[in-house]
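Please read the structure below before turning to the comments.
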Amino acid sequence: MSDAVHHSMRRVLDGELAEARELSLRMGEFVEDAIAAAVEALVGGDAARCEAVIAGDTELNALQLRMRELAVVTIVTQAPVDGDLRRMLAYLHMSAELERMGDHCVSIAKIGRELCEHRPAGRLDDLTRMAELCGIQLDEMLAAVVEGDVEGARIVASHDDRVDRIYRRFFDEEVHACAAGEEDPACATRLTLVAHHLERIADRVTNMGEDLVYLQTGNVEELG
232 MSDAVHHSMR RVLDGELAEA RELSLRMGEF VEDAIAAAVE ALVGGDAARC EAVIAGDTEL
292 NALQLRMREL AVVTIVTQAP VDGDLRRMLA YLHMSAELER MGDHCVSIAK IGRELCEHRP
352 AGRLDDLTRM AELCGIQLDE MLAAVVEGDV EGARIVASHD DRVDRIYRRF FDEEVHACAA
412 GEEDPACATR LTLVAHHLER IADRVTNMGE DLVYLQTGNV EELG
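Plus 231 on top of the position in the sequence shown (first one is 1) and you've got our numbering.
The structure is reproduced here in C-alpha cells:
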C-alpha cells in the first residue's frame, strides 16, 4: 500500500471515529435534557411536556441508528485494529447505554402522563433530587469522555451510591406509607417505578465510565 493510500485511509478512519465521538456526546446532551424534562413534567403535572419527552425519543433512536450504521461501515471498510477498534466499540456501547437511558426517560414521562389527573402525594422532592444527581453524573461523565479522563470517570462512578441511597430510602418510605394507609398503593407503585428508572440511569452512567476506561486503557474494570 502506498503512503498516499495509507494516509487517505487514515484520514477517513479518523473522521469516522470523530463522528462516533460526536454522536455519543450529542446523545448524552439529549439525555441530560430528557432526564430533567421527564421528572419536571411528572412533578408539575404537565401532560404536554410528558408527551414531548415521549415524542422526542425518536430523535435519540435516530442518533443510535446512525451510530450502529457508522460502526458497521467503519469496521467493514476500514478494518480498524487495536486502539482504533477499541475506540469505535466503546463509543458504540456508550451510545447503546444512552439510548437505554432515553427509554427510561420515556417510561418516566408515561408514568407522569398517567398521574396528571391524580396528583400524587408521594415524596416528589426525592425524585427531583435523584434526577438532579443523574443529570450531574451524566454531565460529568461526558466531560470525562471529552477529556479522555479515566480517573475522572472513576470518581463520577463512585458517586452512584448517592442515587442508590435515595432510592432505597424512597422505596422503604413508600412501602411504609402504603402500609399506614397514607398513600394510594397504585400511585406509590408508579412513583417507586420512577425512582427505579432513575436508579438505572445512574447505573448506566457508571457503565459509560467502564467504557471510557476500556477505550483509554484496554482494560475491563468494574466501577461503582
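Think of the CB as a built atom: it goes at the ideal place given N, C-alpha and C, for glycine as much as any other residue.
- In this structure, glycine 314 sits away from valine 262, with a CB-CB distance that is not shorter than 8 Å.
- Residue state for alanine 411 is assigned as coil, using DSSP reduced to three classes.
- With respect to arginine 317, tyrosine 445 sits close: the two C-beta atoms are nearer than 8 Å.
- Measuring C-alpha to C-alpha distances from glutamine 368 to each of Val243, Ala384, Leu301 identifies Ala384 as the nearest.
- Considering only Thr289, Met258, His427, the residue with the shortest C-alpha distance to aspartate 403 is His427.
- As the crow flies, the alpha-carbon of glutamate 271 is around 13 Å from that of glycine 366.
- Contact between leucine 273 and methionine 361 fails: their C-beta atoms lie close to 12 Å from each other, not under 8 Å.
- Contact check for glutamine 295 and glycine 379: beta-carbon distance about 22 Å, past the 8 Å limit, so the pair fails to qualify.
- Annotated as distal: leucine 358 and glycine 259, with beta-carbon spacing of 8 Å or more.
- Annotation note: the stretch 342-393 contains the following uninterrupted alpha helix (DSSP H) runs of length 4 or greater, listed N- to C-terminal: 355-378, 381-389.
- For secondary structure counted as the alpha helix (DSSP H) over 4 or more consecutive residues, the stretch 420-449 holds no complete run.
- Glycine 343 counts as buried, since at least 16 other C-beta atoms from the protein chains shown sit within 10 angstroms of its C-beta.
- Taking 8 Å as the cut-off, the beta carbon of leucine 301 is found closer than this to the beta carbon of alanine 251.
- In the structure shown, proline 311 adopts coil according to DSSP, grouped into three states.
- Pairing histidine 324 with aspartate 442 gives a Cβ-Cβ distance under 8 Å.
- Aspartate 391 counts as buried, since at least 16 other C-beta atoms from the protein chains shown sit within 10 angstroms of its C-beta.
- About 19 Å separates the beta carbons of alanine 388 and leucine 320, which is beyond the 8 Å limit, so they are not a contact pair.
- Annotated as proximal: valine 394 and alanine 433, with beta-carbon spacing under 8 Å.
- Comparing alpha carbon positions, the residue from Ala375, Asp288, Arg242, Thr308 closest to leucine 256 is Ala375.
- Judged by DSSP in its simplified three-state form, glutamate 452 adopts coil rather than helix or strand.
- Between isoleucine 386 and valine 337, the C-beta spacing is not below 8 Å.
- Around the Cβ of glycine 449, a 10 Å sphere holds fewer than 16 other Cβ atoms; the residue is exposed.
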